[in-house]
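Protein chains in written order, with UniProt numbering: chain A, 1 to 201; chain B, 1 to 915.
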């Protein structure tokens, strides 16, 4: 059972995280049926995977955020404690955001593993909910089980916005990489959110 | 190289003369052709082997005269005073040296003269003379030589003659000769060698003569046995053609009869036959053998006589022709026995043939095998004396059924002590107390009993819990457990595939036992299990091993079964001998959790490993390979021996298969019923706080259970609804235990940081980072060691707090009441997680914890201290090292760093942690 998939930058590798506690890297160039590499360090299902230009970030139910640095040949494993539901890189590549089932988002320093910020207020206890960083790394966003999407100020950690998307659980969330534009999925629908001033062409 | 060749030559043994080493540019000499090769004698003379008188090629001096100087005429000087001797020249004077040498014509060596030469030599000479006489121009002349020649009579013959002996007579007293019958009776059998024909003939001739009464004769001469060795190269039995017969046969004294013994007509007949074949002169003797052109090459040395042929058609043995060879058996057998007697051979004097044949030796039939006999010996488990063990035995028999009837039929020798005692009606000996119950205090036992009864009432329907409790408190009753195990395993093992899983490879015998055990399990045999265990082991050992086997089988099974798809642990099970273990393992989460609680992210929560990405992956990511030389992919692994199953139970700390949905339900239904695993989806902060108490409890329970040979199995099975349910929980439970064990103690943690924080803040961070790495590896290795000796470590724990454990355990069954309610929810709760009894425990623990939070923690640490003795010692060693360094005031960096901070060690580790 695959939880998450992700292309790398050049779309030559598909990285998948699955419930069998492995992250698998599949080659897109060849038709090889078996993965290029299996990262089986996780002790529990892998809930989330993100890929940067030279890193693979995986969050696992065993409560760890693992960052495989291909360039340095290192594996950094940060213990968060609670099962990780979602991880994501910051745009500047300095931080990693990890959402966990204790209804907390944690911003970790990628290099040292130190905690840079904690964001609470939403509810995330059972579902695999997504977290996002805004296009400028100014805000941290997360889906919630109460039907809202929450945004926090990244630096201050204060709740900036609670966006009522629906009544059910907001199951997926995605932020536009360059534009202030948000995609949210809830109750079988996908919603696209833009700022008020936005004028469609 | 040259030196070595020299030394080689010294060692070599060489034969013959080496060829002259070839000079550079020298041409190889042409070998001398064979015809030009000449032979020289000892004096260098060519082609000279013999003297002139013995046919030498050269005589004298190179075929000239006597010496090199030539022939010197002998001077003849004779005067009146001195007359010259008339020298008579003998033949020797004209002979060469070779003629006088050993092989010459006149050897000078001492030889036996004719007088003393052996008779055989004479015979040969005689023969030669005879032949010569025959061949000579005037035949028969040699006969006169005999007459004329000097008689050479040996002294023995001379003496005999003086005593009245004459040649041709035998030696001995004269005897009266009995008149013989004219014809030898055909019925008389002649045994042994037939007499020489000539002799017998002679005797017959003599017999024909007139034999007066009272005349004695000398005994017949004895033909001496011919002992002449075979010197020629003729075939055995070959006799050269006698020239006297062959040449003069036709006109000679006797007629030449090549077919000796044949009658006239037959010889003619055969002779005609031969002639028709183109044979000349009828000289077809053995002397000529068989020519190449002749067809007959059968027995060429056989003398063919007509007597070999039957000439008359008649019954050879009268009375025997009635039946022929197809005679009835009885007749034939009777006949044969008689004939046997006939052919026995020469009957010795004083012996006579037995009239009755001896009775044949009686052959006894082998005993009939009992119907239930099995030709395979198996060892009955030796069960020590004791009441319980007897019951156990009974139970065993009942369970097997077949065994029972066996035992009833068995003789008294087959009974064991307890059975005999039972029959005799004696009371059992008070042996070593087999039950843990007896070690417990009265009060505890009472309580246990109460609990037992209560639970029995509730769990009437369920038999398993009862059994499990029995097995928990009775170490001897392993078979109860075993049957359960079999129930669990039987079905799954049935479809188990390969058996290359060798958890006991270290101990081949044990491995063998294990394999046979698994096989029997697969075949669904229930009772055979005990037979595979070593009979020489004690009951305790056997129980333990059985447990181990089950565990191993279970573990292997669990990874292979369909259930295994739900598990993450399938990493190492198929390795044969060694397990690949990640070199670095993530630190145990316990101290991390505390760090997380304190929001001390960073170093405490971070593990850093060397990780080798696949080359292709690097390529696809456009990243240079960080380890271009290494062939490793992933985390570097270390090979470790697979000592035991337990060893690699620790290696992976897999998590369970509980789906979020079920867990959610658990949470909703029973908020207090929290799974203890921190890696659950639904772990809350509270849960984390409880973690310590849980693990503590588990360790206690485990120690308890371990001492009773029933580790953690009963606990899971009590709530289990079926094998499929209990299996995962069993595994996870175990895992937890392992985790518990492998968790580094808090004081280790503190020790690391305390020591480093003593130092300057700037260096301390680096130091701690450095120190943490080695220690983690130490922990890893230590954990595996600990697993090997779980008893020792656990017993320490048990010693520490027996008082607390017992009540805890006794509470368990009672808490099941609550459980039964909660169990209804959701799909198949893994019992270990849904168990309400844990909840109770936790609460209790929590209370205590709240009361004396710090105290318990310290206590906990204290326990751990004991558990991790090695580790602590190592740490202590570290400290000591440092101290000693300080004392010696050596100039190493460490000491200089730490020197300044000796006084500031007053900081409590707690504070340091909080920092």
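The C-beta atom is built at its ideal place from N, Cα and C for all residues, glycine as well.
field: Chain-ordered residues of the segment 67 to 83 of chain A with a beta carbon less than 8 Å from chain B
entry: For the segment 67 to 83 of chain A, which is checked against every Cβ of chain B, the residues closer than 8 Å are 68, 69, 70, 71, 72, 73, 74, 75, 76, 77, 78, 79, 80, 81, 82 and 83.
task: With DSSP as the reference, label residue 601 of chain B as helix, strand or coil.
output: Note: residue 601 of chain B maps to coil in three-state DSSP.
message: Please return the same chain residues whose Cβ sits closer than 8 Å to the Cβ of residue 185 of chain A, not counting the five positions on each side in sequence.
response: Within the same chain, 170, 171, 172, 173 and 191 come within 8 Å of residue 185 of chain A by CB-CB distance, once the 5 residues on both sides are set aside.
task: From the DSSP output, in three-state form, read off residue 120 of chain B for me.
output: The pLDDT assigned to residue 120 of chain B is 49, lower than 50, so where the model puts this residue is not dependable; a value taken from the coordinates is nonetheless given after this. DSSP places residue 120 of chain B in helix when its eight states are reduced to three.
message: With a threshold of 8 Å on Cβ separation, who are the neighbours of residue 373 of chain B within its own chain once the five nearest residues in sequence on each side are excluded?
response: Leaving aside the five residues that flank residue 373 of chain B on each side, none in its chain has a CB nearer than 8 Å to its CB.
Per-residue DSSP class, three states only, for residue 400 of chain B: Because the pLDDT of residue 400 of chain B is 47, which lies under 50, any placement of that residue in the model is unreliable, and the question is left without a value.
- prompt: Looking at the structure shown, is residue 100 of chain B part of a helix, part of a strand, or coil, going by DSSP?
  reply: In the structure shown, residue 100 of chain B sits in a helix (DSSP, three-state: H, G or I).
Sheet register partners of residue 60 of chain A (DSSP bridge): Residue 60 of chain A is bridged to A/46.
Straight-line Cα distance separating residue 2 of chain A from residue 127 of chain A: Whole-angstrom Cα-Cα distance: 15 Å.
message: Taking 9 Å as the threshold (C-beta atoms), are residue 107 of chain A and residue 115 of chain A in contact?
response: Yes, these two residues count as a Cβ contact at 9 Å.
query: Taking just the CA atoms, how far does residue 139 of chain A sit from residue 181 of chain A?
result: Taking the straight line from one Cα to the other gives about 13 Å.
- prompt: Going by C-alpha distance, which of A/147, A/156 and A/32 is nearest residue 189 of chain A?
  reply: Check the Cα spacing between residue 189 of chain A and each of A/147, A/156 and A/32: the tightest is with A/147.
Residues of the segment 98 to 124 of chain A whose Cβ lies closer than 9 Å to any Cβ of chain B, in chain order: When C-beta distances to chain B are compared with 9 Å, the residues of the segment 98 to 124 of chain A below that value are 101, 102, 106, 108, 109, 112, 113, 114, 115, 116 and 118, in chain order.
- request: Kindly list the residues whose CB is nearer than 7 Å to the CB of residue 166 of chain A, restricted to its own chain and excluding five residues on each side of it in sequence; keep chain order.
  value: Counting only Cβ-Cβ distances below 7 Å, and skipping sequence neighbours, we find 147, 186 and 187.
query: Where does residue 122 of chain A land, buried or exposed, given buried means 16+ other C-beta within 10 angstroms?
result: Buried.
query: Three-state secondary structure (DSSP) at residue 196 of chain A?
result: DSSP places residue 196 of chain A in coil when its eight states are reduced to three.
field: Within-9 Å CB hit, residue 163 of chain A to chain C
entry: Of the protein chains in this structure, namely A and B, none is chain C.
query: Using Cβ-Cβ distances below 7 Å, what residues of the segment 607 to 619 of chain B are close to chain A?
result: Considering only beta carbons, the part of the segment 607 to 619 of chain B lying closer than 7 Å to chain A consists of 607, 608, 609, 610, 611, 612, 613, 614, 616, 617 and 618, in chain order.
message: Against chain B, does residue 12 of chain A count as a neighbour if the rule is that its beta carbon must be under 9 Å from one of theirs?
response: Interface residue, yes.
- prompt: What's the C-alpha gap between residue 96 of chain A and residue 446 of chain B?
  reply: In a straight line, the C-alpha of residue 96 of chain A is about 58 Å away from that of residue 446 of chain B.
message: Mapping the DSSP letters down to three states, classify residue 24 of chain B as helix, strand or coil.
response: Shown here, residue 24 of chain B sits in coil according to DSSP, grouped into three states, outside any helix or strand.
task: Give every residue of the same chain whose Cβ lies closer than 6 Å to the Cβ of residue 193 of chain A, excluding the five residues on either side of it in the sequence, and list them in chain order.
output: Answer for residue 193 of chain A: 182, listed in chain order.
message: Quick check on residue 156 of chain B: does DSSP put it in helix, strand or coil?
response: When DSSP states are grouped into helix, strand and coil, residue 156 of chain B belongs to the helix group.
task: Would you identify the three-state DSSP class for residue 514 of chain B, choosing helix, strand or coil?
output: Looking at residue 514 of chain B - three-state DSSP - the assignment turns out to be helix.
query: Between residue 34 of chain A and chain B, is there a C-beta pair that is closer than 9 Å?
result: Answer no: the Cβ-Cβ gap between residue 34 of chain A and chain B never drops below 9 Å.
Span of the beta strand (DSSP E), counted from its first residue to its last, around residue 99 of chain A: Where residue 99 of chain A is concerned, the enclosing beta strand (DSSP E) stretches over 95 to 100.
- prompt: For residue 168 of chain A, is the classification buried or exposed, using 16 other Cβ atoms within 10 angstroms of its Cβ as the cut-off for buried?
  reply: With fewer than 16 neighbouring CB atoms inside 10 Å of its own CB, residue 168 of chain A falls in the exposed class.
- prompt: Under 9 Å Cβ-Cβ, which residues of chain A neighbour residue 626 of chain B?
  reply: Within 9 Å Cβ-Cβ: 69, 70, 71, 72, 73 and 74.
- request: Assign residue 40 of chain B to one of three DSSP states: helix, strand, or coil.
  value: Reduced to three states, the DSSP call for residue 40 of chain B is strand.
- prompt: Since residue 177 of chain A contacts residue 135 of chain A with CB under 8 Å, what's their CB separation in whole angstroms?
  reply: Rounded, the Cβ-Cβ distance is 6 Å, consistent with contact.
task: Could you check the C-alpha separation between residue 620 of chain B and residue 28 of chain A for me, to the nearest Å?
output: C-alpha of residue 620 of chain B to C-alpha of residue 28 of chain A: approximately 9 Å in a straight line.
message: Quick check: the Cα distance between residue 614 of chain B and residue 61 of chain A, rounded to an integer number of angstroms?
response: Answer to the nearest angstrom: the Cα atoms are 25 Å apart.
message: Residues of chain B with CB closer than 7 Å to the CB of residue 25 of chain A, please, in chain order.
response: Per Cβ cutoff of 7 Å: 617.
- prompt: Rounded C-beta distance between residue 4 of chain A and residue 47 of chain A? I'm assuming under 8 Å.
  reply: Between residue 47 of chain A and residue 4 of chain A the Cβ distance is about 7 Å, and since that is below 8 Å, they are a contact.
task: Can you tell me which of the three DSSP states residue 1 of chain A falls into?
output: If DSSP states are grouped into helix, strand and coil, residue 1 of chain A belongs with coil.
- request: Please classify residue 95 of chain B: is it buried, with 16 or more other beta-carbons within 10 angstroms of its beta-carbon, or exposed?
  value: That one is buried.
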